[in-house]
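Residue numbers (the numbering used here): 1126 to 1500. For every residue, glycine included, the Cβ atom is placed at its ideal position computed from N, Cα and C. The structure appears below as structure tokens.
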Ligand code: HEM
């Protein structure tokens, strides 16, 4: 694409949904740092978007940080960041480790499992339920509805169901506030309405589930299939953190993200981008940009996996994600050190979709092990 089109590639996000994919690292950074010409507000675009398309619910305007611009964005982001700031990393680590051990105990004597289905997905959902203060029964229903929504069955009724379930979560935490993100969102001085609260939570479930799920699964895939991660020259396997960093750099969990909609036609790199047409940052493509290696990039800014500019993933969420992903990988490999893949690694199956880099399954084999005692 880079050879044929240069830095900006004309694409169709879905039939009848033209967009531009940015595949050049420098151009991506310029666009991400220029929110007034590239605001993330889809309202004008969505009036003309074809009805019933599965990707529309993922892109449409919502009163949350991800899909707003300017003062609205600043307000929603501040509330979300304040609520996430209350998450205590030490107790989160204990929670993740307990959930991980519970899940491993459910399949460790079987000798085989689909890690995505039995471990990664339930671990990430239960952790987010815990962070958001969502009771387990409600969390199970939300997991089903959110999975349908991201699977992309348009007009399947999942959106009203999700909103109803999130309204129930808000009612629960209003009746019985706790030390959790939902309770902090409710009592925040910004005084969000119920509709706004529902959309903060929907945004948190969307951003808090899909990328960590992919980061953990893709890191496990790397560790299980790349000899560099089985053991290195010292005879020890490199720590999980090194594999996580490599996945973030080479195979970001959100391959394409930060959709903006220029309100006026704008010329970038000699290409005229039309008004109100989506522009996406191709993070995976930018990371493989050959010009990138010759440009020095500051350490904290190494890659675009976490986004950049006003919509970048908040620092608090990054801390949560790293902790969750490291703990998920470490617990599993400690409990089942002889894991091997149960599929041909050259035939890995990826879930189609314009935004994520996600496995469909991660089947593994291992010598059956007894369950771990839970403290
Ligand atoms: C591997 C883990 C994660 C990665 C790679 C990641 C990456 C990103 C990226 C690329 C964006 C920008 C998206 C866009 O503008 O389209 C973003 C935004 C965001 N992320 Fe994350 N994220 C991760 C985990 C999380 C978690 C666990 C949470 C919450 C607990 C979270 C909360 C958010 C929020 C609230 C935003 C919107 C910020 C804004 O628009 O101002 N993220 N994330």
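Assignment of residue 1193 by DSSP, reduced to helix, strand and coil, places it in the coil class.
The DSSP-derived three-state label of residue 1428 is coil. Across the set 1130, 1478, 1378, the C-alpha of 1378 shows the shortest separation from the C-alpha of residue 1450. In this structure, ligand 1 has a non-hydrogen atom nearer than 7 Å to the beta-carbon of residue 1378. Sequence-distant partners of residue 1224 (beyond 5 residues in either direction) whose C-beta falls short of 7 Å from its own C-beta, in its chain, are 1248, 1251, 1252.
Here residue 1475 carries a strand assignment [DSSP, helix/strand/coil]. At the C-beta level, residue 1274 and residue 1190 stay beyond 8 Å of one another. Distances taken from the Cβ of residue 1445 to the heavy atoms of ligand 1 include one shorter than 7 Å.
Rounded to whole angstroms, residue 1439 and residue 1446 show a C-alpha spacing of 11 Å.
The alpha-carbon of residue 1369 is positioned some 13 Å away from that of residue 1349.
Segment contact: the stretch 1301-1312 against the stretch 1256-1271, three or more CB-CB distances shorter than 8 Å; contact assigned. Taking a C-beta distance under 8 Å as the contact criterion, residue 1317 and residue 1204 qualify as a contact pair. Spatial neighbours of residue 1136 in its own chain (CB-CB distance under 6 Å, excluding positions within 5 residues in sequence) are listed in chain order as 1144, 1146. DSSP places residue 1200 within a helical segment (H, G or I) once states are collapsed to three.
The stretch 1211-1229 makes no contact with the stretch 1324-1332; the number of CB pairs closer than 8 Å stays below 3. Under the Cβ criterion (8 Å, minimum of three pairs), the stretch 1400-1412 counts as touching the stretch 1371-1388. Short note on residue 1202: C-beta closer than 7 Å to some heavy atom of ligand 1.
Annotation for residue 1384 indicates a beta carbon within 7 Å of some heavy atom of ligand 1.
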